[in-house]
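Residue numbers (the numbering used here): 1332 to 1497.
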Ligand SMILES: [Zn+2]
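See below:
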């Protein structure tokens, strides 16, 4: 039996030796590793190249589905809001995290213009008018028409997907 938590730690540690950031994700299905990735932001300059995102992308491509029901996803650290969102979208059975922000913050910080790790979640929860990220609502009926068009093309359906029973 593979120690998936240890595999996650090893991946992250290896990534650090290669100049990468200290995060990794391992996705497990039926007792085997389906997909895994370290954080590749430092290597690619892609701010969305978090380990969770890359591993979820690989797993979904492999399975040919956007639903990861029946999987357990190991992450080195409690996920950021972007990755938490991606984890919600793919519906795994369970997410296992090996460190909290409080535990790693003395050693690592990734604050940005519009958030700090300590304020990230409350920032997301705010009404859009109150967020530090400047946002402007420009109402457009033509934009709504795109959705109407999509619905027409899809037999009048409103739902884009159905989550298979896990
Ligand atoms: Zn993330």
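The C-beta atom is built at its ideal place from N, Cα and C for all residues, glycine as well.
Keep in mind it's a predicted model, so treat the numbers as computed, not measured.
Quick check: residue 1383 and residue 1342, are their CB atoms within less than 8 Å of each other?
No, the Cβ-Cβ distance between residue 1383 and residue 1342 is not below 8 Å.
Inspect the beta-carbon positions of residue 1370 and residue 1352 and report whether they are closer than 8 Å.
It is a contact, given that the beta carbons lie within the stated cut-off.
As assigned by DSSP and simplified to three states, the class of residue 1446
Coil.
Tell whether a beta-carbon distance below 8 Å holds between residue 1429 and residue 1490.
In this structure, the beta-carbon distance from residue 1429 to residue 1490 does not fall below 8 Å.
Suppose contacts are defined by Cβ-Cβ distances below 8 Å. Is residue 1403 in contact with residue 1424 by that definition?
Result yes, Cβ atoms of residue 1403 and residue 1424 sit closer than 8 Å.
Which runs of the alpha helix (DSSP H) at least 4 residues long sit entirely within the stretch 1398 to 1452? Give them in chain order.
Fully enclosed alpha helix (DSSP H) runs of 4 or longer: 1412 to 1421 and 1432 to 1435.
Where in the stretch 1359 to 1396 do unbroken runs of the alpha helix (DSSP H), each at least 4 residues long, occur, reported from the N-terminal end onward?
Entirely contained in the stretch 1359 to 1396, the alpha helix (DSSP H) runs reaching 4 residues are, in chain order, 1372 to 1375 and 1382 to 1394.
Would you check whether ligand 1 has a heavy atom nearer than 7 Å to the C-beta of residue 1383?
Yes.
Test item: CB-CB of residue 1401 and residue 1360 under 8 Å:
If you check the CB distance, residue 1401 and residue 1360 come in under 8 Å.
Classify residue 1464: buried if its beta carbon has 16 or more other beta carbons within 10 angstroms, exposed otherwise.
Exposed, because fewer than 16 other Cβ atoms sit within 10 Å of the Cβ of residue 1464.
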